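Data first, discussion second: the structure below is written as structure tokens.
Residue numbers (full-length UniProt numbering), protein chains in the order written: chain A, 1 to 274; chain B, 1 to 274.
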């Protein structure tokens with residue numbers, strides 16, 4: 001077990017709320033993700049505005065995966081001492097732009113001086129029907145949105161000091177909120193793909209107590225690609241056409257790749273933690 | 001204006017919720033504070049359990065100052081790569097101990113690997129009557145709990161590599177929740193003293209549009225001492241005896257030191273930010 005999971009395990013016996021993209025309390029969903037310099041990004045990879053935008057988007061992605069609409073955000077922002085006022089404005093602009101796009105309000109947080117730029121975002125979102133990782137039923141079809149693999153490829157480019165297109169999902173995650181809210185009534189289980197398709201499937205396998213029968217072999221370049229922020233979800237076969245119709249309307253590519261069966265599934269990607 | 005305030009100012013035009021110890025949404029109060037290595041503490045100053053405890057307590061202090069009872073917490077914990085499992089257990093123990101003491105549930109967060117130990121805590125608390133910084137009325141008496149000055153003195157000791165008693169407030173903030181909830185019906189405005197009495201008075205002066213007439217001179221050793229986590233609040237003179245009686249019952253020292261008057265108040269402590 002990696003240290004991250006070991007630490008999280010210390011808290012699990014005290015609550016049933018840990019272990020999904022967000023914690024559900026009544027109609028509210030709470031999610032929290034860190035976005036730290038030299039952990040999640042290097043400053044030469046992205047502009048300050050892009051960094052602030054991505055810190056927000058990866059958190060909103062959790063809310064969407066729970067079928068919740070983001071309403072409020074709290075930001076911890078640790079800022080290097082040498083940042084200029086113009087730097088601070090660019091950073092603030094990124095946060096504010098995303099807040100406006102998603103109609104959410106930044107209601108507080110903490111700003112401190114630090115050696116590097118470290119961000120932690122808490123998103124408070126609202127849902128009528130939370131969708132959990134644990135809801136996969138036997139015979140459900142498994143599906144993901146968008147194209148997987150480009151984030152891994154783009155990360156490798158960055159390590160080789162190549163430049164990425166502004167449109168790279170690694171810089172600018174593409175969320176599919178409107179599509180997902182529309183199909184939510186047909187969805188049994190969902191989460192977002194932050195650590196890679198295979199990693200997330202292992203988590204869903206554990207939490208839903210199912211295994212998967214793949215329709216074809218998925219390459220590691222696809223299945224081990226993290227930071228995709230695409231949606232991974234399951235539904236009954238009878239809803240397939242309805243979901244595909246809505247996906248077409250919202251121009252969201254869908255890949256149906258497996259079926260839930262008895263058993264369990266283990267990921268074979270190299271562990272990227274610690 | 002320091003950079004921290006400059007950054008926060010970028011967000012204020014978009015919301016009325018920023019600027020207090022917590023943001024009030026209906027009956028819920030949301031507060032968020034960072035507790036970062038080499039910013040708020042040095043690792044040789046405190047054990048890992050003490051660090052986790054203090055990270056929780058300084059956040060719960062905000063909830064209490066809003067007259068709210070902490071219910072849930074989300075933790076961002078960035079952990080140095082060389083921490084052992086035993087280190088992680090000590091850290092988790094500190095968080096869990098405080099959660100148990102205050103009957104709150106740790107419902108999620110994010111754990112990552114980092115160069116140093118950086119913690120950010122979001123507290124979700126519940127209130128029937130939030131008390132704000134902006135509520136001071138002319139002629140209100142100003143009051144703080146406990147003894148001020150020891151945190152500044154103890155911090156200076158730490159910089160001289162002297163050891164502190166385990167009971168030092170710098171290590172173990174002493175909160176006065178039960179007392180404060182009992183007197184809350186008599187209180188017009190409140191906040192906790194995290195940056196020092198004089199700093200907080202300037203904030204309250206701005207937000208309540210009042211000045212202060214001091215009953216006696218308060219030394220800088222007292223007024224500029226940060227990290228006290230005592231309560232600063234105001235009330236009408238007619239409630240003085242009632243409040244003093246409850247304070248006696250809960251064994252909380254009270255110092256009534258000023259009266260709210262027309263005007264404004266500016267702090268003269270050295271700026272400790274950036």
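Every residue, glycine too, gets a C-beta built ideally from N, C-alpha and C. Only a predicted model underlies this, so the values are computations on that prediction, with no experimental measurement involved.
(message) Just to make sure I have the definition right: I need the residues of chain B whose C-beta is within less than 7 Å of the C-beta of residue 32(A). Which are they?
(response) For the purposes of this step, residue 32(A) is identified with residue 32 of the first chain, where counting begins at 1. Per Cβ cutoff of 7 Å: 74, 76, 108, 109, 110, 122.
(message) Taking CB distances under 8 Å as the criterion, tell me whether residue 273(A) reaches chain B.
(response) The residue given as residue 273(A) occupies position 273 in the first chain. Confidence at residue 273(A) is low in this model, with a pLDDT of 46, below 50, so its placement is unreliable and no value can be given for it.
(request) Measuring only between beta-carbons, confirm whether residue 127(B) sits less than 8 Å from chain A. (result) By one-based count along the second chain, residue 127(B) stands at place 127. For residue 127(B), the answer is no, since every Cβ of chain A falls outside 8 Å of its Cβ.
(request) Could you check the C-alpha separation between residue 255(B) and residue 244(B) for me, to the nearest Å? (result) Stepping through the second chain from its first residue, residue 255(B) is reached at position 255. Stepping through the second chain from its first residue, residue 244(B) is reached at position 244. Spanning the two alpha carbons is a distance of roughly 10 Å.
(request) Jot down the residue ranges of each uninterrupted alpha helix (DSSP H) in the segment 35 to 116 of chain B, minimum 4 residues, whole runs only, in chain order. (result) 48 to 65, 85 to 101
(request) Flag this pair as touching only if the segment 122 to 129 of chain A and the segment 44 to 51 of chain B have three or more C-beta atom pairs under 8 Å; answer yes or no. (result) no
(request) Would you mind telling me which residues of chain A sit closer than 9 Å to residue 10(B), beta carbon to beta carbon, in chain order? (result) Here the question's residue 10(B) lines up with position 10 in the second chain. Those are 88, 89, 91, 92, 93, 95, 96, listed as they occur along chain A.
(message) At 4 residues or longer, what runs of the alpha helix (DSSP H) sit wholly inside the segment 136 to 222 of chain A?
(response) 150 to 159, 177 to 183, 197 to 208
(request) Could you round the C-beta distance between residue 56(B) and residue 98(B) to whole angstroms and report it? I think they count as a contact, below 8 Å. (result) As a first step, residue 56(B) is located in the second chain; it is residue number 56 there, counting from the start. As a first step, residue 98(B) is located in the second chain; it is residue number 98 there, counting from the start. Between residue 98(B) and residue 56(B) the Cβ distance is about 4 Å, and since that is below 8 Å, they are a contact.
(message) If we define contact as Cβ-Cβ less than 8 Å, is residue 82(B) a contact residue for chain A?
(response) Taking the second chain and counting its residues from 1, one reaches residue 82(B) at position 82. No, no contact with chain A.
(message) So that I know if they touch, is there some Cβ in chain A lying closer than 8 Å to that of residue 226(B)?
(response) The sequence position of residue 226(B) within the second chain is 226, counting from 1. Chain A contact via Cβ: absent.
(request) Look at the Cβ atom of residue 112(A), then the Cβ atom of residue 78(A), and state whether they are nearer than 8 Å. (result) For the purposes of this step, residue 112(A) is identified with residue 112 of the first chain, where counting begins at 1. For the purposes of this step, residue 78(A) is identified with residue 78 of the first chain, where counting begins at 1. For residue 112(A) and residue 78(A), yes; Cβs fall inside 8 Å.
(message) Can you tell me whether residue 247(B) is helix, strand or coil according to DSSP?
(response) Here residue 247(B) refers to the residue found at position 247 of the second chain. In the structure shown, residue 247(B) sits in a helix (DSSP, three-state: H, G or I).
(message) Does any residue of chain B have a CB that is nearer than 8 Å to the CB of residue 36(A)?
(response) As a first step, residue 36(A) is located in the first chain; it is residue number 36 there, counting from the start. Yes, residue 36(A) lies at the interface with chain B (some Cβ there is under 8 Å from its Cβ).
(message) Tell me the rounded alpha-carbon separation between residue 231(B) and residue 145(B).
(response) Position 231 of the second chain, counting from 1, holds the residue named residue 231(B). Position 145 of the second chain, counting from 1, holds the residue named residue 145(B). Near 5 Å, if we compare the C-alpha coordinates of residue 145(B) and residue 231(B).
(message) Relative to the C-alpha of residue 226(A), which candidate in 270(A), 193(A), 213(A) has its C-alpha closest?
(response) Within the first chain, numbered from 1, the residue matching residue 226(A) stands at position 226. Ranking the options by Cα distance to residue 226(A), first place goes to 193(A).
(request) Spell out whether any CB of chain A is found under 8 Å from the CB atom of residue 39(B). (result) Counting from 1 along the second chain, the entry for residue 39(B) is found at position 39. Cβ-Cβ to chain A under 8 Å: yes for residue 39(B).
(message) For a contact defined as C-beta to C-beta under 7 Å, what are the partners of residue 23(B) on chain A?
(response) Along the second chain, one-based indexing puts residue 23(B) at 23. 107, 108, listed in chain order.
(message) Distance check for residue 246(A) and residue 116(B), CA to CA, integer angstroms please.
(response) The residue given as residue 116(B) occupies position 116 in the second chain. The residue given as residue 246(A) occupies position 246 in the first chain. The straight-line gap from Cα to Cα measures roughly 46 Å.
(request) Over the uninterrupted beta strand (DSSP E) stretch that includes residue 123(B), give me the two end residues. (result) Locating residue 123(B) in the second chain gives position 123, where the first residue counts as 1. From DSSP, the beta strand (DSSP E) with residue 123(B) extends over 118 to 126.
(request) Tell me residue 235(A)'s beta-bridge partners as DSSP assigns them. (result) Position 235 of the first chain holds residue 235(A). Paired residues: 141(A), 187(A).
(request) Examine chain A for any beta-carbon lying closer than 8 Å to the beta-carbon of residue 113(B), and answer yes or no. (result) The residue labelled residue 113(B) in the question sits at position 113 within the second chain. Judged by the 8 Å Cβ criterion, residue 113(B) is in contact with chain A.
(message) Going by DSSP in three states, residue 18(B) sits in which element: helix, strand or coil?
(response) Taking the second chain and counting its residues from 1, one reaches residue 18(B) at position 18. Residue state, collapsed to three classes: coil.
(request) Assuming residue 175(A) contacts residue 64(A) (C-beta within less than 8 Å), just tell me the rounded distance between them. (result) For the purposes of this step, residue 175(A) is taken as the residue at position 175 of the first chain. For the purposes of this step, residue 64(A) is taken as the residue at position 64 of the first chain. Indeed they touch by this definition, with Cβ atoms about 6 Å apart.
(message) Helix, strand or coil, according to DSSP, for residue 27(A) in the structure here?
(response) Counting from 1 along the first chain, the entry for residue 27(A) is found at position 27. Coil, per DSSP.
(request) Starting from residue 202(B), find everything on chain A with Cβ-Cβ shorter than 8 Å and list it in chain order. (result) Walking along the second chain from the start, residue 202(B) turns up at place 202. Near residue 202(B) there are no residues of chain A at all, since even the closest Cβ is about 17 Å away, more than 8 Å.
(request) Can you pull the chain B residues whose beta carbon is under 7 Å from the beta carbon of residue 15(A), in chain order? (result) In the first chain, the residue the question calls residue 15(A) occupies position 15. Chain B residues near residue 15(A): 105, 106, 107.
(message) Between residue 27(B) and chain E, is any beta-carbon pair separated by less than 8 Å?
(response) In the displayed structure, chain E is absent; the protein chains listed are A and B.
(request) Pull up the distance between the alpha-carbon of residue 20(B) and that of residue 12(B), whole angstroms please. (result) Residue mapping note: residue 20(B) aligns to position 20 of the second chain, counting from 1. Residue mapping note: residue 12(B) aligns to position 12 of the second chain, counting from 1. Cα to Cα, residue 20(B) sits roughly 12 Å from residue 12(B).
(message) Which residue wins for smallest C-alpha separation from residue 169(B), given the options 178(B), 228(B), 160(B), 123(B)?
(response) Sequence index remark: in the second chain, residue 169(B) carries index 169 (1-based). Of 178(B), 228(B), 160(B), 123(B), the residue nearest in Cα terms is 228(B).
(message) Tell me the residue span of the beta strand (DSSP E) that contains residue 259(B).
(response) Start at 1 with the first residue of the second chain, and residue 259(B) comes out as number 259. Element bounds for residue 259(B): 254 to 261.
(message) I want to verify the contact list: residues of chain A whose CB lies under 7 Å from the CB of residue 85(B), in sequence order.
(response) As a first step, residue 85(B) must be located in the second chain, where it is residue number 85. Chain A residues near residue 85(B): 6.
(message) Output needed for residue 143(A): all residues of its chain with C-beta closer than 8 Å, excluding positions within five of it in sequence on either side, in chain order.
(response) Your numbering for residue 143(A) matches position 143 in the first chain. Taken in chain order, the residues that qualify are 232, 233, 234, 235, 243, 254, 255, 256, 257.
(request) Examine chain B for any beta-carbon lying closer than 8 Å to the beta-carbon of residue 79(A), and answer yes or no. (result) Taking the first residue of the first chain as position 1, residue 79(A) is located at position 79. It does: the Cβ of residue 79(A) has a partner Cβ on chain B nearer than 8 Å.
(request) Please compile the residues from chain B whose C-beta is within a distance smaller than 9 Å of the C-beta of residue 185(A). (result) Counted from its first residue, the first chain places residue 185(A) at position 185. Per Cβ cutoff of 9 Å: no residues; residue 185(A) is ~25 Å from chain B at best.
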